Every structure is written in C-alpha cells, then in structure tokens.
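This report concerns only the one structure given below.
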Amino acid sequence: MATDYKQTLNLPRTDFPMKADLVAREPQRLARWQAGRLYERIQAARAGAPKFVLHDGPPFANGDVHIGTALNKILKDFILKFKALRGFDAPFVPGWDCHGLPIEFKVTQDMQKNGGPARGAADAATVRRACEAYARKYIEVQRAQFQRLGVLGDWARPYLTLDRQYEADELRLFADLVERGFVYRGKKPVYWSIPCRTALAEAEVEYRDHVSPSIYVKFPLVGHPGTSVVIWTTTPWTLPANLAVAYNSTFDYAVVLVGREQFIVSALLLPTVAQKCAWGDYQIVRHLRGEELSQLEYTHPFCARTGRLFAGDAFVDNVTGTGFVHIAPGHGLEDYQLGLEHGLPIYSPVNDDGAFTHTNDLPLEQQMPATLLGKSILETNGESEANAAVLAELRARGALLHHEPYTHSYPHCWRSKTPVIFRAMDQWFIEIDHEVVNSPASAAGATEKDKSGLGQTAQSPSAPFPLFPSASASDGHTTFRQRALAEIDRVEWIPDWGINRIKSAVQTRPDWCISRQRAWGVPIPAFFDAHGEPILDARIVRRAADLIEQHGSNVWFEKSAAELWALLRPADWQGPEAVSKSTDTLDVWIDSGSSSRAVLMRRAELQHARQSQPGQGHGQPGEPSPVASPPWQADMYLEGSDQHRGWFQSSLLLSLAANGAAPFRTVLTHGFMVDADREKISKSQQAQGGYEKPQTADAYVNRWGADIVRLWVSSQDFRNDIVVSEERINKVAETYRVIRNALRYQLSNLYDFDPGRDAVPDEQLTGLDRWILAEFSKLEADVLAAYERYEFHVVYQKLAQFVAVELSAIYHDVIKDRLYTDAPDSPRRRSTQTTLHRLVTGLCQMLAPILAFTADEAWEFVPGRPTDSVHEAHWQPRPFALREDEALCWQHLFELRERALPELEKARQAKLIGKALEARLTLRGGDAATRTAQAHGEALRELLNVSQLTVQLDGEGSPQFLVAHADGQKCARCWHWETDVGAHAGHPTLCGRCVAAVERCAG
RNA sequence: GGGCGUGUAGCUCAGUUGGUCAGAGCAUGCGCUUGAUAAGCGCAGGGUCACUGGUUCAAGUCCAGUCACGCCCA
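Residue 301 in the working numbering is what sits at position 239 of the first sequence, and the numbering runs on without skipping anything.
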C-alpha cells in the first residue's frame, strides 16, 4: 500500500511552534530569565572581558513608556546584546530622571484638586515628598514596561537622580565648579505670579485673551531736536525699565513731518501709525535704511537717562507696531538677550509684590520718578495702578501719541488666573566663557572632603588624568567654551553631522542659568548674609552633599537656615555669617548631566581597565596618541538627536569642567517617531482625543509582542525619522513569520541529529551544503559589519533576504528530497543536517540581539546547544569559503537555474506539468556553463527539482532548456518520476533509490 | 525666520569616488503545490530616483534654488 511508505520517510518533526503567540509566551520566557538571573549570568560569564559601557540617558519618571522611549531603549539593548554576544563585558545600568517641573506641576495640581492648600501654599517639604512618591510610582511602572520589551540590565539597581548618593555626587560636582570659579550670580527674567509670589515655568502659564493698554510713545532723539522715534507697547508698566530701543536693520524707515515735529517709523507701518496717532496731515521728509539708525541715542520719556538704538532683526517685525521695539532687559526674554549682547544692566524695578521700586542697578537719579514708586502692576477690576501712573507720566510730558484698549493673547498664572509679569530675578549661572588654565585645579576641595569624614566620596576625577588634556594653547589662557569645542573633536559622533549640532549648540549657547525657583529638585546649598548677599562656597556645598547623602535632600527644606548653617559652616569660616538659606533648586539638566560623576565614576562595573586604550573608533593612524581615556569614560551615549542641545551638551560641559574630560567616546543619535504621513506623533495630540492610535509601548507590545516591536525598530534606519504605522508593523510581522518558519524548518529536520555523533567534516559535505555554508559565511560577515556600524536596518534586510531567497526558495526547497527520502543516517542526509545545524546555530546568534525572545526560544531546540540561553553564547563567525573552481561551478549552475525556471513556468502554464518533479529537462548549449552542467548533472537536476535532466553539449550558443513531461512512473515514496519504478518485485511502486532506502531501514 | 537633517517602486531599504544603477526583499496579481500546510514554490506587473534649473560627452549620484517633513533654535 502506497501510504505505508510515508512511514519510511524522515518527515520533519519539532515542538517549536509555528504560531509564535508572542503576546502570551514572551512574558513566560521573561519570567524565566528573571528567575534564572540571566543578566547576572551573562555578566558573570564576561567577567574580565574587555568592557563596553553604554551609559543610559535617564527617561523622565512620568507616565507610561512612550513608543519613542521604547525605541531608544530597544536600540540600546540591540547594541548591548550584540556586544555581549561578541564577548564584551557590556553592563547596563538603567536610570531615571526624577526631578523637575512636570512632576511638581502635576503633584501640586492634584493637591489643589483634592482640596489641599490652594495657590501652592503647601510647604516645599510636603510637595517634595509627594513628588518623590509620584516619581517612584512611575519608575516601577516603566521598569516593568522596559523589561517587557526584552531589555536586559541591572533593573534591581538602577540609578535615580533622586537617590541620596546621586544628589550628593551631583553637589560634589557642583562644588568643583564653584571652586573653579564657574558659578556667578546674575539676573534673568522669569515669569512671576504676583498673587502667588512665585516664579512660574513656561508650562505653568496659560494663554488667555486679555485687554491691555496699547500705546504709542515718543522717544526724543538726542542731537536731533524735535525728532522722535515712535515705539509701541502693550505693557506701559515696563517703560520705567526701558534701556534701549530695537529696530530692524532690513527695514525701510520713514521720517515724517507732523506739524512741527518729526517722527521716525517703519515706512511699511506708517499708514497705520499715522491713522492711530491721528496724523491727519503728514509728509514724508526722507527715508532711512535700518543701518542708518545704529548710532542714534534717545532720551527716556520720563526718566533722567538716555538709551541707544540697537538692531533686533530677529524679533522686530513689520506687521504690528511701529518698527521700533522698546527694550527692557529685565522684563522680556528678547530684551534680556539684546541687553546681554550690549552690556546693559538687567534692570527690573519691580519687587516681589509686583510694585515699582528702585534698585541698585542704576544711579538713583536716573530711575523712575518718585510718583511711580509703590504702584502695583497687578490689575484689580481691569485696572493696573502701575499702568495708570505710567500713562499719567507720559501724558504730563506730552509723550503719549495714542492710547487704546487692545485684546490679545497674554500669559496668565495657572493657579491664580491673573496675568503674569516677566521680571528679572537673581539667579546662579555657569560662565561658559570662563577662563581656564592648563594646570590642574587646586586640590582645596580634597582636604575638606577628607576632613568631613561623612559618606564615601566618588572616585577622584583628577588623579592620573590631567584636567583639560585637550588644551592646546600654550599661553595657559583659554576659555571653557574653547575647551569644550576642542573636546567635541575628540568624540566620535554618529551620524557625523551630529558634530555640527553639538558644536553650534556649544558655540552659541549663553551662560547657563542653573537656578530654579522650584521645590522638586536638588537644593542649591547657598545662604544669604544680613545684607542679602549670597554665600556660595565649595566647602559648604561639599558638607551639604555629605549631609544630604546621609539624610536625603529634604533635610535642606526641613531644617531652618540657622540649623543648616550650624551644621555646614566651616570651622575656620572667615566670611559673613548666614541669616537665611537659598530655596532655589538646580536646573534638572544639572541632575542628569552629573551622571558621569554619580554613575559612571561610582559604579565599579562601569570602569574600564586602567590600561584602557584611547577610545576605539577615533584616533587616526599616524596621529600622535591622545591622552589615555579615563577609565570611567563611557564608550557610548545613545539618545534622540534633540539631546545635542540637551543631555549630550549638559553632560559634556559638566564632565569637562569638573572631571576634566568628556563623559563619552562615541555619541550615537536617532531620529523621531513619525506617523504614516510622516508627521510627528505626540502625546498631547493623543490627550486631546484627536488621536486614537495608542502611543504607549505597552499598546504595541500587547498587540504584536515585543519581538515584533523590536524587529520593527530594527527594520528602519533610525538615523532618520522612524515611521510608526499599523501597515508597517504588519509587514514586519510578516517578515517575522518567514524567519520563524525558516528556523522551525531547520529545527524540525534535526530531530534525529546529534552533532557530536553525526556531524560531517567540512571536506565531506556535499556541494550544495558547501555552497549554502559559503553563502551563510558571507551573510555572517555582512551582518557582523552592519551590527558593528549600528546599522540594524541592514542586518534586517540582509537576514530577511537571505532567509527568503537563499534558504527558503533555494536551499530548504532543494534539500527536502534528501532529508525526507534518504536513509536517516545516509552520508548525504547527515551532511545536510550538519549544515542545518550550523545554520540554525548561527542564525539564532545573529538574530538574538533583535529577536531577543524568539532566538532564545529557537535556541532551546538546537541539539547540543553550547549555552543555556542564546544570550550567553559567544558568537564567533566561522568563515567558510569555496575553492575557486567550486565557486565558479555553482555560479554556472545558478545561472542555468535562472534560465530554467521560466521554461518550467511556461510548461506549467501550458498544463504540461504541475510541479517541477513532473518535468524532464533537456539542456543544450555550448558555453562554459553548459560544460559545467554536463560535469555536474546530478547537482543541477537536484537544484532544479526535476526528475530528469539531460545535458547535450552542442557547439556554440547560449544554453537552451527544453521541457517535457518526465518519463516513467511516479515513485510512490519520493514522488520522482523514474523509469525503474516497478523493477523491484517486492516494492512495485517504488523507484530503485527508494527500494534501497527502504530495505536499509528495514534491515 | 535661522541652523542641522531627510525625500529612490504600495512598504522598508541597496545604489562606493558621476558612465549597463534604475535594484532587492516584502506587499499585489496570476499560476503551481498540498510530505515546512493558518506553510512552501514559480512567474508577472509596478519608479520621469520630491520639484526646477545648472555643470558635464554623461547625474538618484556634483552645484543652486523650490517644496514637503523632522529635530533644534528664534
């Protein structure tokens, strides 16, 4: 009976499921990884191996993991898994950024909603405790979500910027900056809520319509009697702070005669201005180009001082106003920047209550008239005392040309709902152009550190590594900005245009305002003396760091100024005594930017061996060897390209200033998530209900599984934008199935293969097996190179195409016959099994960084696998090259295959044959390929999957194939058409080859 | 408005220094197979390489400009 013969075949069998069911099965594997401490096992196995340190940029501990954040972590995981697979010791210490406004804002909002203290009256310590609880809650949430993505790391010991030790190290780094003279006190305008008596952040202001007084004011020019420029403003109360007027150098200005006075305004805006100011009868005297205004000076309309005109092309527009913008550097951001450029005082004659006051920025006689003092800016019933008083002054002096109500969008305090003002406040700054010297900084801090005896101090940054090693100036005088730019050149930036981004960020950045009037942050341990003068001293900061390391930073907010001063005042203190403490916190970019000190230097597992070579990847041959890299310097930072101006910059500046070197050797950046229309996706759109697409990582993982998400991440060139769309992910899922099926096919044909017993040596492998191993070896080299360049999309493409073409369409298709029909232990079958075993082993390893779950799942089915998990394996590609003649032979055979397949297809269309095994092929030709075919007829027959092939060498000419139906009868076992079917009496339906196979089995 | 990027078949990507470079895989359509079967194989149709001008004997490949999108500034 024919069906019996099926039992004599070696049909594939495996428990490796065809259906992945990732959503259900991945969590089980994850649980096993965790129970078996996989990360720790990998680390232990790599102890002593060369280090590869990728330092995690801390995501904000707020909300679910966004798909964009998932992309970032997955990319990091690709690299770390790859490095570990290649034998590196590649630890991963994940981190979280915990402080900052979004959390404080949310927490205070919730407190208010829940009937808590209104208007932010809650004390800082209470708010801070709530903030910490909030951050810790989301750290837990995000930790689970990151782990679910298959990201391995030291999740039990992440770094948190709210950890006491972190905060302490951050302050120690800050103390170094203070000691080296980087930190100074200056002024900068901030949003200020008068009723709440507090500074507001951008996120805390809401824009609402508001009616302001719109006024046009004369500013008489010095040396041009009877001539004034005209400015327009909607905040009359800022006029006492006016120190300059801005024009646009690209505009055309008109000088117009009105009665006996001359006014200068933008020519384009003249008609509007003339109408507003009721210049019924005016004439244009002449035109001025913008640059002709640059030397002009004016007299303040009601203060005894003069000001100058400056170009402000960036913000002086030709749409509203007069073409002249009144500048009060203490009351506006653009004003502030222009003021800085021209060395104007950041003058802000408004006190905490929002009332006019004199300050010591200007001589008293130059400040506002006494009639204005004490007037409040805050509106009551739509009227502002300050505005009214200013208008009165202007009217009294005939300076007011026009006044009308004006409705526009204006920032309001989110809590009190009142209009906010922009007001300059004292702030701490880091001076970017600080002059630095080439010699190492004094060790003054170290002695104090030793004395304190509190806590442990992070590794000293100085010891064997000179500060600012990259300095080239011999005169010993360079600015810190120049040092930073030089250091940037020593870092490898991928993609290479990244260096432009970071350089322009460093080149153009202003001094770094590092103080915030917020509660949820690391306190700036400064005091004030009886005169309100600040006390900021490196020794005090270090003692505060020790205190905070012991008690947490809430100690700063809970203890009184006197208590703190008593604890922190150095014994030999000569300076003024403190009477109050600072309540400012550090900019959160100082938090995350300090991780070089608080994490890279702190954690033993992140240290490179001392004899560490200069960073791999940079340093050209022939170039003088640069200073050895410090052992704590990370091999890589990997974040979105927005971080050039963010974390990359803050980390670089802080580490260079305090540790003497950049914290990274290589910086890799990725693009951003965009949707199918290549428009950005954002959480806010989602929140507004306009977006139904889920944008949390979990939403994708729960629908497709982590491996599909990971494969999708790998499939696109992350240096550009990454398209997230259902269509795209479904395509990737399709590729996943193809890969999974190929693995399954390979595993299913190894059920009776024991590599120790059955493996066939290379030189005894069949030609086809040697061919695929050579192809695989090329793939391996390509994939390895792509991984090393971090081009995962190339890995994806190469792997997917290899699986689809070389494996599925060719090799796997062809070897079915030998695997199924040869005797189980025939040399030919064992040769092919040896090859499959090698392929599946290599594929699992190659796939492991990307398909973290699936590669590990398949690995468990590989006979004689060398390690328990694929992630513990050491991937060492085995080159396999064909001899030259062998390679040429296969090249010929595949050329012929290309010609034969269309002929077979034609025959199929003509209903001459169905499957290829029903065909008899005749090849006729005279070229080299045909000669090869004659010599290797059986190999070609097998490659074409036909039952019969005849080769006829015939003069010249390119090869031609003729298709006919195969001769003989179909063998019931192997389905070949053979002329010897029926020749054996015992097996009348079998061909000779099958008779042999069957009898061998039976015997 | 400025800086930095990106723009090749429906999708994701290859296309070194300008001259068979218009390719691959997937998807689609049409067949075949039913011993990888919620699988497998074959064949076919798809692109004026964003657009417009230049340089050149010759340009996805160099230059300029335009448009669209992204990031960062303003």
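Positions of the beta carbon are idealized from the N, C-alpha and C atoms, including for glycine. Since we're looking at a predicted model, the values are computed, not measured.
Please look up how many angstroms separate the CB atoms of residue i and residue j, rounded, as I've assumed it's under 8 Å.
i       : j      : result
Thr994  : His954 : 4 Å
Leu1075 : Leu898 : Beyond the ends of the chain as shown, which are 63 and 1065, falls residue 1075; an answer cannot be given.
Ser6    : Trp299 : The displayed coordinates of the chain run from 63 to 1065. Any statement about residue 6 would go beyond what the structure contains.
His420  : Ala306 : Not quite, the Cβ-Cβ distance comes to about 20 Å (not below 8 Å), so this is no contact.
Ala373  : Ser311 : 4 Å
Work out the CA separation of residue j and residue i for me, nearest whole Å.
i       : j       : result
Glu497  : Trp574  : 15 Å
Ser642  : Ala186  : 16 Å
Leu1015 : Thr992  : 7 Å
Asn449  : His474  : 17 Å
Met698  : Ser691  : 13 Å
His128  : Phe734  : 12 Å
Tyr344  : Leu330  : 15 Å
Pro817  : Arg772  : 32 Å
Arg270  : Ser471  : 5 Å
Arg103  : Ala97   : 11 Å
Ala107  : Asp918  : 17 Å
Ala454  : Pro302  : 13 Å
Asn304  : Arg543  : 32 Å
Trp217  : Tyr873  : 43 Å
Ala1028 : Glu1040 : 8 Å
Arg563  : Pro557  : 11 Å
Ala263  : Ala237  : 26 Å
Leu830  : Arg91   : 36 Å
Arg970  : Arg1003 : 18 Å
Pro282  : Phe364  : 11 Å
Per DSSP, what are the beta-bridge partners of residue i in this structure?
i      : result
Tyr344 : Val320
Gln489 : Gly248
Val307 : Leu371 and His388
Val729 : Trp555 and Tyr699
Phe484 : Tyr253
Glu639 : Its beta-bridge partners do not exist; DSSP assigns none.
Tyr278 : Trp294 and His464
Asp151 : Lys113
Phe710 : Note: Phe710 sits in no beta bridge, so no partner.
Tyr315 : Ser328 and Leu350
Considering only C-alpha positions, which residue in the set the options is nearest to residue i?
i       : options                            : result
Phe484  : Val284, Ala458, Asp126 and Ala417  : Ala417
Lys1060 : Phe1023, Pro886, His998 and Thr894 : One point to set straight first is that residue 1060 is Val, not Lys, in the sequence displayed. The shortest C-alpha separation from Val1060 is found at Pro886.
Ala265  : Ile610, Phe589, Leu163 and Ala1047 : Leu163
Asn72   : Arg892, Cys906, Val865 and Met908  : Arg892
Trp341  : Leu913, Val320, Ser615 and His272  : Val320
Phe244  : Pro391, Leu950, Leu905 and Leu715  : Leu715
Phe491  : Tyr882, Leu648 and Ala458          : Leu648
Pro153  : Leu142, Asp947 and His161          : Leu142
Ile165  : Asn176, Ala192 and Gly149          : Ala192
Leu233  : Ser658, Ala981 and Pro275          : Ser658
Val763  : Pro79, Met80 and Leu84             : Leu84
Ser276  : Pro693, Thr384, Leu424 and Leu137  : Thr384
Pro964  : Trp921, Trp937 and Val1025         : Val1025
Pro578  : Ala146, Cys1053 and Lys249         : Note that residue 578 is Arg in the sequence shown here, rather than Pro. The option with the nearest alpha carbon to Arg578 is Lys249.
Glu789  : Asp739, Asn803 and Gln826          : Asp739
Trp921  : Glu268, Arg802 and Met487          : Arg802
His465  : Ile791, Asp875, Val387 and Val335  : Val335
Trp294  : His286, Gly288, Val279 and Gly285  : Val279
Which complete beta strand (DSSP E) runs does the stretch 923-967 hold, if anything under 3 residues is left out?
none
Mind listing, in chain order, the continuous beta strand (DSSP E) runs of no fewer than 3 residues lying wholly within the stretch 555-605?
589-591
List, from N- to C-terminal side, the alpha helix (DSSP H) runs of 4 residues or more that fit wholly inside the stretch 202-272.
226-241
Secondary structure, alpha helix (DSSP H): runs of 4+ residues fully inside the stretch 784-864
788-810, 817-820, 829-850 and 854-863
Restricting to runs no shorter than 3 residues, where is the beta strand (DSSP E) found entirely within the stretch 978-1047?
981-987, 1010-1015 and 1022-1027
What ranges does the alpha helix (DSSP H) occupy inside the stretch 350-398, keeping only unbroken runs of at least 4 residues that lie completely in it?
none
Any chance you could list the alpha helix (DSSP H) runs of at least 4 consecutive residues sitting entirely within the stretch 163-197, in chain order?
163-175
Can you check the stretch 426-459 for any alpha helix (DSSP H) of at least 4 residues that lies completely inside it and give the ranges in chain order?
447-458
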